[in-house]
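See structure below.
Protein chains: 2
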Amino acid sequence: MDTEKFYSKLGAGYQPGVLTTVVLAAEELKRQGKKIIGLTGGMYDEESFPWREVKEIFDEATEADWRVMLQYGGTRGYQPLREELAKWMKGHGITVDPFKELMITTGSQEALDLMARIFLDKDDVIIVGSPTYLSALTAFQTSSPDIREAKLDKDGMIPEELEKVVKQVQSEGKMVKFVYIIPSFQNPMSSMLTMERRKKIIELANKYDFLILEDNPYGYISFEGPMPTPLKGLDTEGRVIYTSTFSKIVSPGMRIGWLAANPEFIMKMAEAKSSTIISNALPSQYAAAKLFERGDVDKQIEKMKKVYIKKRDVMLEAMDTYFPKEAKWNSPKGGLFLWVELPESVNATELLMEAVKRGVAYIPGSNFYTTPTHNHIRLNYSHPSIDDIVEGIKILGGLLKEQM
Amino acid sequence: MDTEKFYSKLGAGYQPGVLTTVVLAAEELKRQGKKIIGLTGGMYDEESFPWREVKEIFDEATEADWRVMLQYGGTRGYQPLREELAKWMKGHGITVDPFKELMITTGSQEALDLMARIFLDKDDVIIVGSPTYLSALTAFQTSSPDIREAKLDKDGMIPEELEKVVKQVQSEGKMVKFVYIIPSFQNPMSSMLTMERRKKIIELANKYDFLILEDNPYGYISFEGPMPTPLKGLDTEGRVIYTSTFSKIVSPGMRIGWLAANPEFIMKMAEAKSSTIISNALPSQYAAAKLFERGDVDKQIEKMKKVYIKKRDVMLEAMDTYFPKEAKWNSPKGGLFLWVELPESVNATELLMEAVKRGVAYIPGSNFYTTPTHNHIRLNYSHPSIDDIVEGIKILGGLLKEQM
Chain A
1 MDTEKFYSKL GAGYQPGVLT TVVLAAEELK RQGKKIIGLT GGMYDEESFP WREVKEIFDE
61 ATEADWRVML QYGGTRGYQP LREELAKWMK GHGITVDPFK ELMITTGSQE ALDLMARIFL
121 DKDDVIIVGS PTYLSALTAF QTSSPDIREA KLDKDGMIPE ELEKVVKQVQ SEGKMVKFVY
181 IIPSFQNPMS SMLTMERRKK IIELANKYDF LILEDNPYGY ISFEGPMPTP LKGLDTEGRV
241 IYTSTFSKIV SPGMRIGWLA ANPEFIMKMA EAKSSTIISN ALPSQYAAAK LFERGDVDKQ
301 IEKMKKVYIK KRDVMLEAMD TYFPKEAKWN SPKGGLFLWV ELPESVNATE LLMEAVKRGV
361 AYIPGSNFYT TPTHNHIRLN YSHPSIDDIV EGIKILGGLL KEQM
Chain B
1 MDTEKFYSKL GAGYQPGVLT TVVLAAEELK RQGKKIIGLT GGMYDEESFP WREVKEIFDE
61 ATEADWRVML QYGGTRGYQP LREELAKWMK GHGITVDPFK ELMITTGSQE ALDLMARIFL
121 DKDDVIIVGS PTYLSALTAF QTSSPDIREA KLDKDGMIPE ELEKVVKQVQ SEGKMVKFVY
181 IIPSFQNPMS SMLTMERRKK IIELANKYDF LILEDNPYGY ISFEGPMPTP LKGLDTEGRV
241 IYTSTFSKIV SPGMRIGWLA ANPEFIMKMA EAKSSTIISN ALPSQYAAAK LFERGDVDKQ
301 IEKMKKVYIK KRDVMLEAMD TYFPKEAKWN SPKGGLFLWV ELPESVNATE LLMEAVKRGV
361 AYIPGSNFYT TPTHNHIRLN YSHPSIDDIV EGIKILGGLL KEQM
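Next comes the structure, spelled out in structure tokens:
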């Protein structure tokens, strides 16, 4: 059977990406008994899961609770979870109606997918940070939009750069549908958008009439003082669509995310979801609601900050020791990632397979851009053990020094 | 803010459907203290959930198990669940490689959504039964395909009718991408495709070179003898993509479904899923694997058969007593639904709101067709209590008699 003719344009394009290829190569090496240290995805610290709390919650659930957990649930999500979330978000600068302005998603990834469905037709213009979260790009690309990039620096997206791109788009007679932004501990740069820039970007949205998709998985993990008010908390016109997730603060495996937006957008998202996955798994939603109710979420965040500060410090110290002096990197004040700039002569994408063969994996920076780049790498410090961080950085540093 | 201009074509079309409208009306009436008996969705019998088993499974889980449940999981699903499923499916006539030919989905709804993504561009031709599952239609319509209908009778899809439609499509110079079929206790008619027809439809797929999407949520709930071999078990060319779900046999709230297909299709589906929801919630997948391992799934199916036979019988008896003699219906040998044909003069869609006001809701048959129809209704007997079945049928029968 010739299969090619059956695929949609989207389906034809799906091939195992560079990351899948590396994952498969790493799995093969592991099968051969080799150890591969992953400094790759934003996975959770294995030792720190609130598993006793979740176990206790399921243990204390009554028959009536189980009947709810095992039956179909609403597309917008388990109502007690939405109510807990609304209360919790209020403490972080965002006021939403849990009935009309909030829905539960499968991590924040589902929110990105719903955005593509609801807002994007082929060639519609959106603007993303340069660089930005790689799986946001693949989610949006499902609708084949025209993706423009606005530059970031250590203080996040540069409003003047954003305005320049918006003006350029409008001068072509096109509209900007939305700007995708990760204001707090941006992925991959871990930059923090200043309050001044937050206000400026909201002003631009109002002036030039575009929407904002604010993705905030990392903001709650702030090592020095509280997270600044999210854009959603500064929005007076209902332009900001906000998404966040349990994945970095409590558990990725529960697949709990949320989406806050004006009631009309939420209605559209819920209609879309009714034909994709109908609802999130209820046992996870039930446990999430109880974790909020018991105060376990806030406790867990405080715990994770300490774990991640320690791991960040170990990684920074190892890099000082083992990395070539030509490499430059930041010292993140939150989030899970370090962003490394290598000399122009080094191709981090080509180097990855050799790194894996030597026992360490990272994400090449090219995955975070829509335009070709080659000399950045993103390193994750949340998942590897302290010992593996030191060992992984030592191997990678050695390889990089050979390239200088 | 004018929101209309921001939507995609798909997003602009999302409005609360007739079902959402009725659900909202019913909720409003409930708030006013009125009881509404739902003979609507294919929900599970409230009394029968295997909640003690699920609770026990979580209670016995070790710290190592919880670390797996709370961490990110693979896009294709929890490996022990795929292995259990492969073993279990083998007992039902389907042999698959759990590593390469199987993935876990969020109910079978996600499988339908992935089919639309991977295979359908605008105006691509697919063929569905007439009538067919309403949420399959909405999932496919996401890609704006050209949906053709092939007639069904009490023995399921009529191969001669299907061949006629395929020939018509090919005579237009177009190809059929896939045929969507629910062979066993079809939704909404509860018809059973005969073995002769199963073989004939596989022959047609091979001869005319199309794929088959086999949706099998109900086949395991067979009241009289075992389910016939699924089309997937008869397929020798890798043309059949098979999906099934926990939703009717164990629990809808766990959101466990699965998709079996040739390795290339599974690879494409997994790549697509990595940008939509990444993976299913792990706690549900872990519990599902254990339910299979412990033999609880088979026990539960035997239990549910008895519950549903009893409820079907109560509904049939009540209909004999209260329904007008002009109405015709089937006596299902499995599944969850009764399909009622009313005289041409009755408009079941228009009648629904009046029925809700009197305290009973059903699904108008028009939702199961792409072509306009009006004189069918689908009744569900799995979810309402025995008393509510009798009461609901009495109210509905009275209303229908007034229309004759």
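Which chain is which? The protein sequence lines are A and B, in order.
Just so you know, our numbering puts 80 at position 80 of the first sequence, and the rest follows in order with no gaps.
Just so you know, our numbering puts 358 at position 358 of the second sequence, and the rest follows in order with no gaps.
In this text, a Cβ means the ideal position worked out from N, Cα and C, and glycines have one as well.
From the beta carbon of residue i, is the nearest beta carbon of chain C less than 8 Å away?
i             : result
residue 284/A : Absence of chain C from the displayed structure is noted, the protein chains being A and B.
Could you check if residue i is buried or exposed, using at least 16 other CB atoms within 10 Å of its CB as the buried criterion?
i             : result
residue 62/B  : exposed
residue 187/A : buried
residue 139/A : buried
residue 64/A  : exposed
residue 210/B : buried
residue 15/A  : exposed
residue 52/A  : exposed
residue 47/A  : exposed
residue 119/B : buried
residue 99/A  : exposed
residue 236/B : exposed
Indicate the three-state DSSP secondary structure (helix, strand or coil) for residue i in the structure shown.
i             : result
residue 260/B : strand
residue 277/A : coil
residue 244/B : strand
residue 353/A : helix
residue 389/A : helix
residue 283/B : helix
residue 143/A : coil
residue 221/A : coil
residue 105/B : strand
residue 206/A : helix
residue 126/B : strand
residue 366/A : helix
residue 292/B : helix
May I have the straight-line CA-CA distance separating residue i from residue j, to the nearest angstrom?
i             : j             : result
residue 152/A : residue 190/A : 11 Å
residue 182/B : residue 382/B : 19 Å
residue 284/A : residue 85/B  : 22 Å
residue 31/A  : residue 41/A  : 20 Å
residue 361/B : residue 29/B  : 12 Å
residue 123/B : residue 269/B : 21 Å
residue 367/A : residue 132/A : 9 Å
residue 282/A : residue 95/A  : 25 Å
residue 161/B : residue 230/B : 20 Å
residue 58/A  : residue 305/B : 28 Å
residue 203/A : residue 342/B : 59 Å
residue 302/B : residue 199/B : 28 Å
residue 2/B   : residue 346/A : 48 Å
residue 9/B   : residue 239/A : 20 Å
residue 248/B : residue 45/A  : 36 Å
residue 320/A : residue 313/A : 11 Å
residue 261/A : residue 143/A : 21 Å
residue 223/A : residue 332/A : 9 Å
residue 287/A : residue 39/A  : 30 Å
Can you give me the Cβ contacts of residue i inside the same chain, cut-off strictly under 6 Å, excluding the 5 residues immediately before and after it?
i             : result
residue 201/A : 159
residue 292/B : 84, 88
Please work out which residues of its chain come closer than 7 Å, Cβ to Cβ, to residue i, disregarding the five sequence neighbours upstream and downstream, and give them in chain order.
i             : result
residue 110/A : 257
residue 289/B : 78, 80, 81, 84
residue 401/B : 324
residue 108/A : 215, 217, 243, 244, 245, 257
residue 220/A : 227, 249, 301
residue 232/B : 94, 214, 240, 242, 260
For residue i, which residues from the same chain have a beta carbon less than 8 Å from its beta carbon, with the 5 sequence-adjacent residues on both sides left out?
i             : result
residue 4/A   : 12
residue 277/A : 106, 110
Residues of the segment 80–108 of chain A whose Cβ lies closer than 9 Å to any Cβ of chain B, in chain order: 105, 106, 107
Using a beta-carbon distance cut-off of less than 8 Å, what residues from the segment 377–389 of chain B approach chain A? none
So if I threshold CB-CB distances at 9 Å, which residues from the segment 49–61 of chain A count as touching chain B? 49, 50, 51, 52, 54, 55, 58, 59, 61
Just by C-beta distance, which residues in the segment 229–254 of chain A are closer than 7 Å to chain B? 237, 238, 239, 251, 252, 253, 254
Below 8 Å between beta carbons is the criterion; list the residues of the segment 164–176 of chain A that meet it against any residue of chain B, in chain order. 175
Would you list, in chain order, the members of the segment 63–74 of chain A that have their beta-carbon closer than 7 Å to a beta-carbon of chain B? 63, 66, 67, 69, 70, 71, 72, 73
By the 8 Å beta-carbon criterion, what residues does the segment 284–303 of chain A contribute toward chain B? 284, 287
With 7 Å as the C-beta to C-beta threshold (strictly closer), list the residues of the segment 188–215 of chain B near chain A in chain order. 211
In the segment 265–281 of chain A, which residues sit with their C-beta less than 8 Å from some C-beta in chain B, listed in chain order? 265, 267, 268, 271, 272, 274, 275, 276, 277, 278, 279, 280, 281
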